[in-house]
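Throughout, this note's numbering is defined as the position within the sequence shown, counted from one, plus 9. One structure is given below, encoded as structure tokens.
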Amino acid sequence: MASATLSLSYGQAFVVPDKRRHRSSMSVQTPEAPQWATKGACALISDSTMRNSLAKQAGDISVRGFLADYFSTPDHWDVKTSANRVLTALNGWCYGLSHQVSNGSYVSSLSAMVYRGQEAHLFHLGDTLVFRLRGAEFEQLSRDHVTDIGGYRYPSRALGMDASIDIDYVQMPLKQGDIFLFTTQAVQGTLMPSDYVGLIRQDVSDLDAACERLARTAQQRAQERGYGGDQFCFQLVRIDELPAEDVDSPEKVYGDLPIPPELAVGERLDGMEVVSVLSRTAQSRVYRVRDLRNERDMVLKAPSPELSTRNAYLEHFLLQQWVVERVHSPFVVKVMQPSRPRRYLYYLMAHVEGETLTDWAHRHPQASLAQRLDIAVQMGKALQALHHRDLLHQQVHPDNVLIDRHGQVVLADFSACHLRDVDGHRRSRTLVRQVGLTAHSAPEYALDDEVGRRSDQYSLASTIYWLLTGEFPYALPTRELLHHTDMEQMTYRSARTLNPEVSPALDGALKRALAPQRALRFRRLSEFLHALRTPGKESRGPAARQVSGAPARFWQAVAGLLLLLLVLSWLLR
């Protein structure tokens, strides 16, 4: 029977002849209600390759470290992104620890399975074992990565073994009643598949007891065959109930709500009165509204009434609030919550008392270079806040930058905002084309090339160039690019020819950030922002290094002469 949330049960058993020497660790963690939808539950097992005092530490570090870090990753990361990044960081940590000890290592095999919605995600390193019992079918899900050395089998591709890792990843649908077994290579040769099925099915109501039966039987078989001193651990996870559908989708977060009708000034929606109509496009409507309960002004954005419920942009609209409300920055417009239950599909943003960058520039033609650069740096900080959450804005231009009465910059309009790790680059480009290319869009959008953070960097630099000069850096507009050969016609026009206040260093930074080829731009946005903060500091070339090196050579010569005199005085005594 389907339920609102995923429900599971688990059991464990551990047989260790010498507790001081146990080298395996296992755990199951179920989160609090809010994280069931975003992170799911996690079960994992770890087994160290060592048989010394470090073995227990290696197993504990991998299990505890994964659980602590996985459930701390941003909510907008999907399961695969979260687990891969955590395992990569954990691998580096264990690899570094192993190089600090002389006797042993922190290498361990690890299998982690995340249960979210109606799916399971398996991440596997080394030779730990994961099986699935579905009905009478007993199937091994993990692969044994082992190497034979001198007649002994050792794990390969394990956690902490190398500076980099190659993670096995399997995504699979769940069925109610599925049972997953986690164990180690110690059981090899003791239990057959029929043993597992029979011992588990003997009484599935008590999973702890089922694990105890497995452990006792494995230990008994091992003793009969003369290697009873090993340890055995078993962990069972049973899927008791499945949700009706994936509860993490924005459709479920915000409900199956209708699109609001066309609204005019004075009309009301969910206890809010329309003060003014800010924008009407083919995709959306934007209104300034006032909450009649608390007299607070906000901006309401809703899909266009003409959109079909199956429109691709509508699917993205459902994602916008869900994503952006997880960004906390004074430079990014804040998502607000309605004071009454929501009856229509829309989201609310804080109303900024101010004007667009376009209007500000027209009203302040005499603004100093320092004022303009301060605005530029604030825009960069807004983008950094998005990039830290793996979000691309993709629509940075003067009309989407707001400046309040205190000079605070706020980046708005998330109509093309997209997660870098969702659906790849093609979906990002599609969104931009739906919303429309602007004069500040990077060339890769027009040429259907790969896009990323440096695409936002280009748009930011183009907006800054316009802010400093009132013009665009290239005579050929981005939207007119049809072929890659067209980029040969993109000749950068020095900002210094339009604004003599722009220093050569600042002009050089703009030119680099505006390179038509994405790979030639600044590798990180922080590098570009540093260049904006220090526009007068040029890179020191060979000539500068030669001059600065002269005093050093002078004092080296003086020191050498003094040393020679000291030696002579000692010899002549």
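The C-beta atom is built at its ideal place from N, Cα and C for all residues, glycine as well.
In the displayed model, residue 242 falls within a strand according to three-state DSSP.
Put simply, of 52, 141, 223 the residue whose alpha carbon is nearest the alpha carbon of residue 38 is 52.
Looking only at 176, 516, 280, the smallest Cα-Cα distance to residue 118 is reached by 176.
If only uninterrupted alpha helix (DSSP H) runs of at least 4 residues are considered, those enclosed by the region 205-235 are 216-233.
Measuring C-alpha to C-alpha distances from residue 369 to each of 412, 165, 488, 73 identifies 412 as the nearest.
If you draw a 10 Å sphere on the C-beta of residue 421, you find 16 or more other C-beta atoms in it, and that means buried. Membership of residue 363 in the beta strand (DSSP E) is indicated by the continuous run 363-365. Rounded to the nearest angstrom, the gap between the Cα atoms of residue 322 and residue 21 is 47 Å. Here residue 184 is exposed, its C-beta having fewer than 16 other C-beta atoms within 10 Å.
In the DSSP secondary-structure assignment, residue 156 is bridged to 163.
Here the alpha carbons of residue 509 and residue 503 stand approximately 10 Å from one another. DSSP places residue 265 outside both helix and strand once states are collapsed to three, so it counts as coil. With fewer than 16 other beta carbons inside 10 angstroms of its own, residue 304 counts as exposed.
Secondary structure at residue 426: coil, using DSSP grouped into helix, strand and coil.
Only residues of its own chain outside the window of five on either side were considered, and among them 487 have a CB closer than 6 Å to the CB of residue 450, listed in chain order. With contacts defined by Cβ atoms closer than 9 Å, residue 292 and residue 424 form a contacting pair.
Under DSSP, residue 119 shares a beta bridge with 55, 134. Under DSSP, no beta-bridge partner is assigned to residue 466. Take the alpha-carbon of residue 232 and the one of residue 195: they are about 13 Å apart. Residue 452: not part of any beta strand (DSSP E); member of the alpha helix (DSSP H) spanning 452-455, first to last residue. Its Cα nearest to that of residue 377, the residue 476 stands out among 476, 314, 500, 517. Under the 10 Å beta carbon count, residue 479 is surrounded by fewer than 16 other beta carbons and is classified as exposed.
Close CB contacts of residue 394 within its chain, under the 8 Å cut and outside five residues either way in sequence, are with 336, 337, 338, 340, 341 (chain order). Residue 396 is positioned such that its CB atom lies closer than 9 Å to that of residue 465.
Spanning the alpha carbons of residue 426 and residue 402 requires a straight line of approximately 4 Å. Taking the Cα of residue 103 as reference, the smallest distance to any Cα among 75, 519, 54, 214 is reached at 75.
Looking at 47, 310, 528, the one whose alpha-carbon comes closest to that of residue 298 is 310. Less than 9 Å separates the beta-carbon of residue 279 from that of residue 351. About 4 Å separates the beta carbons of residue 190 and residue 140, which is inside the 8 Å limit, making them a contact pair. Straight-line measurement puts the Cα of residue 150 at about 55 Å from the Cα of residue 474. In this structure, the alpha-carbon of residue 275 lies about 5 Å from that of residue 283. In the DSSP assignment, residue 310 falls within the beta strand (DSSP E) that extends over 305-312.
Counting only the Cα atoms, residue 212 lies some 24 Å from residue 198. Boundaries of the alpha helix (DSSP H) around residue 388: 378-396.
Residue 240 and residue 390 have their alpha carbons spaced roughly 54 Å apart. DSSP lists 364, 418 as the bridge partner or partners of residue 412.
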